[in-house]
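Report on the following structure.
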């Protein structure tokens, strides 16, 4: 153990590609830009101190102590972060629809139902960096005037549920959610709600029905949840990956976020590569990277050099290519 | 419940970075997302914790972490 791990004499067959390199030096990561997955695989997700050491909760402090809710929404609008669940709707716009509504209670909901077959992007964020989602929900709550958040997570993700609950407990213990967060006048609390195995509950109105204890049935829109959502109160529902971008946008600014990706769709997208490809796994790439690069450069092509036939890019992206 | 302030956040960050930056402190990260666990990461992690013996002045932490993305290589140890 000492010889192979600490004395610079690794067992070559147990190294990646036969070389003893750091993770970031591996070919697999060269075209990737890890923003949402920044902390996944780098920190202990069950230790809030490790998240704080990676600038965790700095964005929340900046938002509640240095910015007004309107300024937070303006930054999100300028960043042009679009919903990563597949809808692609501007997150800043969605928050700006909910914010002006007068109500005794508003809600922010994290859609962690992730029903797409083979997809595990959201699961990886919840398991690897749950505090990013908690921090983002608190920032979103501050922006729209919500004091309560729910994370609707599918029950088929027990590790994610357990890590989320641990993270929520730790954040509460440190006063990072709860009353008078970071000495401000802002109160915010989060609870977890489990799904019950219905794919349809990934759709926001069915999700709302499920949260209310009813059968997960979609309804027509309008009214939109931002105006009339959970228990008919203004509600913003955002995907896990969308939320995981929020703290870094608040901390680094909209211009930073617009510095990668495309003009119409800045930022990155996380993909789960599965099926008949040499290098399966989870990747995060700037918007605009081609499917060819994903399959042949990051994924290292098709086994046995077989001919490419088809790829399904996920139900949310609505296309078989 | 602790009342955290921006100053507290800054202090915690500095403490953790200082702990991790000491040359004799070694972090072994074991990929323990669901995929890693189903590939045997929990067993790996327990084996490391059970069999590690303190040597020299090294302080070794064996840390569970989330998915690093190279699923085809699970169980991943860094």
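Protein chains in written order, with this note's numbering: chain A, 1 to 321; chain B, 1001 to 1078.
C-beta: ideal position from N, C-alpha, C; glycine also.
_Closest by C-alpha distance to residue 295 of chain A, when choosing among A:284, A:63, A:273_ = The sequence position of residue 295 of chain A within the first chain is 295, counting from 1. Selected option, being the one with the closest Cα: A:273.
**Message:** Please state whether the Cβ-Cβ distance between residue 236 of chain A and residue 144 of chain A is less than 8 Å.
**Reply:** Your numbering for residue 236 of chain A matches position 236 in the first chain. Your numbering for residue 144 of chain A matches position 144 in the first chain. Going by C-beta atoms, residue 236 of chain A is nearer than 8 Å to residue 144 of chain A.
* What span of residues does the alpha helix (DSSP H) with residue 289 of chain A cover, start to end? -> Start at 1 with the first residue of the first chain, and residue 289 of chain A comes out as number 289. No alpha helix (DSSP H) holds residue 289 of chain A; DSSP gives it neither H nor E.
If the cut is a Cβ gap below 9 Å, which residues of chain B does residue 165 of chain A touch?
Start at 1 with the first residue of the first chain, and residue 165 of chain A comes out as number 165. The contacting residues do not exist; residue 165 of chain A stays about 16 Å from chain B at best.
| Could you give the uninterrupted runs of the alpha helix (DSSP H) lying entirely in the stretch 180-247 of chain A, keeping only those of 4 residues or more? | 204-211
What are the partner residues of residue 150 of chain A, as DSSP defines its beta bridges? The residue you call residue 150 of chain A lines up with position 150 of the first chain. Residue 150 of chain A pairs with A:109, A:191.
query: Taking Cβ positions only, does residue 1062 of chain B come closer than 8 Å to chain A?
result: Numbered from 1 along the second chain, position 62 holds the residue referred to as residue 1062 of chain B. Among the CB atoms of chain A, none fall inside 8 Å of the CB of residue 1062 of chain B.
**Prompt:** Hey, which unbroken runs of the beta strand (DSSP E) at 3 residues or more fall wholly within the stretch 1012-1042 of chain B?
**Reply:** 1025-1031
*So which of A:131, A:42, A:202 has the shortest CA-CA distance to residue 87 of chain A?*
The count along the first chain starts at 1 and reaches residue 87 of chain A at position 87. When each option's Cα is compared against that of residue 87 of chain A, the closest is A:202.
Note to self: Looking only at its chain, what residues have a beta carbon closer than 8 Å to the beta carbon of residue 114 of chain A, apart from the 5 residues adjacent to it on each side?
What the structure shows: Here residue 114 of chain A corresponds to residue number 114 of the first chain, with the count starting at 1. Correct list, in chain order: 120, 121, 122, 123, 154, 157, 202, 240.
| task | Could you check what DSSP says for residue 162 of chain A in three-state terms: helix, strand or coil? | result | What you label residue 162 of chain A is simply residue 162 of the first chain in a count that begins at 1. Of the three classes helix, strand and coil, the one that applies to residue 162 of chain A here is helix, per DSSP.
key: DSSP-derived helix/strand/coil call for residue 89 of chain A   = Here residue 89 of chain A corresponds to residue number 89 of the first chain, with the count starting at 1. Note: residue 89 of chain A maps to coil in three-state DSSP.
Q) Which stretch, first to last residue, makes up the beta strand (DSSP E) that contains residue 1077 of chain B? A) Within the second chain, numbered from 1, the residue matching residue 1077 of chain B stands at position 77. First-last for residue 1077 of chain B: undefined, no H or E at that position.
(request) Report yes if the C-beta distance between residue 178 of chain A and residue 189 of chain A is below 8 Å; otherwise report no. (result) On the first chain, residue 178 of chain A is found 178 positions in, with the first residue counted as 1. On the first chain, residue 189 of chain A is found 189 positions in, with the first residue counted as 1. The beta carbons of residue 178 of chain A and residue 189 of chain A sit closer together than 8 Å.
Inter-stretch contact (C-beta, 8 Å, three-pair minimum) for the stretch 29-43 of chain A and the stretch 281-290 of chain A: yes
- Query: residue 147 of chain A versus chain B: which residues are under 8 Å apart at the beta carbon?
  - Reply: Counted from its first residue, the first chain places residue 147 of chain A at position 147. Neighbours of residue 147 of chain A on chain B: none; closest Cβ ~17 Å, over 8 Å.
Cβ of residue 250 of chain A within 8 Å of Cβ of residue 139 of chain A? As a position in the first chain, residue 250 of chain A is number 250, starting the count at 1. As a position in the first chain, residue 139 of chain A is number 139, starting the count at 1. A contact, by the Cβ cut-off of 8 Å.
Are residue 362 of chain A and residue 133 of chain A close, meaning C-beta to C-beta below 8 Å? Absent from the model: residue 362 of chain A. The displayed extent of chain A is 1 to 321, so no value can be given.
Check: Is residue 282 of chain A helix, strand or coil by DSSP?
Finding: Locating residue 282 of chain A in the first chain gives position 282, where the first residue counts as 1. The answer is strand: DSSP assigns residue 282 of chain A an E or B state.
Using a C-beta cutoff of 8 Å, does residue 1013 of chain B count as contacting chain A? Position 13 of the second chain, counting from 1, holds the residue named residue 1013 of chain B. Yes, its Cβ sits closer than 8 Å to a Cβ of chain A.
Q. In three-state terms, what does DSSP make of residue 133 of chain A?
A. Translated into positions along the first chain, residue 133 of chain A becomes position 133. Three-state result, residue 133 of chain A: helix.
If we count the other Cβ atoms within 10 Å of its Cβ and call it buried at 16 or more, is residue 1044 of chain B buried or exposed? One-based indexing of the second chain puts residue 1044 of chain B at position 44. So residue 1044 of chain B counts as buried.
For residue 130 of chain A versus residue 182 of chain A, is the C-beta spacing smaller than 8 Å? Start at 1 with the first residue of the first chain, and residue 130 of chain A comes out as number 130. Start at 1 with the first residue of the first chain, and residue 182 of chain A comes out as number 182. Taking 8 Å as the cut-off, the beta carbon of residue 130 of chain A is found no closer than this to the beta carbon of residue 182 of chain A.
Specify the secondary structure class of residue 313 of chain A as computed by DSSP and reduced to three states.
Here residue 313 of chain A refers to the residue found at position 313 of the first chain. Note: residue 313 of chain A maps to coil in three-state DSSP.
Taking only beta-carbon positions, decide if residue 187 of chain A is within less than 8 Å of chain B. Translated into the one-based positions of the first chain, residue 187 of chain A becomes position 187. Chain B, which has no Cβ nearer than 8 Å to the Cβ of residue 187 of chain A, makes this no.
Q | Three-state secondary structure assigned by DSSP to residue 144 of chain A | A | Position 144 of the first chain, counted from the start, is the residue given in the question as residue 144 of chain A. Three-state DSSP puts residue 144 of chain A in a helix.
**Request:** Tell me residue 1064 of chain B's beta-bridge partners as DSSP assigns them.
**Result:** Residue 1064 of chain B sits at position 64 when you count from the first residue of the second chain. Paired residues: B:1030.
* Asked: Do you know offhand how far residue 1079 of chain B's Cα is from residue 1075 of chain B's?
  -> Absent from the model: residue 1079 of chain B. The displayed extent of chain B is 1001 to 1078, so no value can be given.
*If we count Cβ pairs, one from each stretch, closer than 8 Å, do we get three or more for the stretch 93-111 of chain A versus the stretch 219-239 of chain A?*
yes
C-alpha distance - residue 1021 of chain B paired with residue 80 of chain A, whole-angstrom precision = Position 21 of the second chain, counted from the first residue, corresponds to residue 1021 of chain B. Position 80 of the first chain, counted from the first residue, corresponds to residue 80 of chain A. Straight-line Cα distance between these residues: approximately 37 Å.
Problem set entry | Straight-line Cα distance separating residue 313 of chain A from residue 298 of chain A | In the first chain, counting from the first residue as 1, residue 298 of chain A sits at position 298. In the first chain, counting from the first residue as 1, residue 313 of chain A sits at position 313. In a straight line, the C-alpha of residue 298 of chain A is about 15 Å away from that of residue 313 of chain A.
field: Minimum Cβ-Cβ distance from residue 129 of chain A to chain B less than 8 Å
entry: On the first chain, position 129 is the one that residue 129 of chain A refers to. Chain B has a Cβ within less than 8 Å of the Cβ of residue 129 of chain A.
Run of the alpha helix (DSSP H) containing residue 60 of chain A, from where it starts to where it stops: Residue mapping note: residue 60 of chain A aligns to position 60 of the first chain, counting from 1. Residue 60 of chain A -> alpha helix (DSSP H) spans 58-66.
Leaving out five residues before and five after residue 39 of chain A in sequence, what residues of the same chain have Cβ atoms less than 6 Å from its Cβ? Against the first chain, residue 39 of chain A aligns to sequence position 39. In the same chain as residue 39 of chain A, and ignoring 5 residues on each side of it, the C-beta atoms closer than 6 Å to its own belong to 54, 129, in chain order.
- Message: Given a cut-off of 8 Å on the beta-carbon distance, is the pair residue 1041 of chain B and residue 1030 of chain B in contact?
- Response: For this step, residue 1041 of chain B is matched to residue 41 along the second chain. For this step, residue 1030 of chain B is matched to residue 30 along the second chain. Yes, the Cβ-Cβ distance between residue 1041 of chain B and residue 1030 of chain B is below 8 Å.
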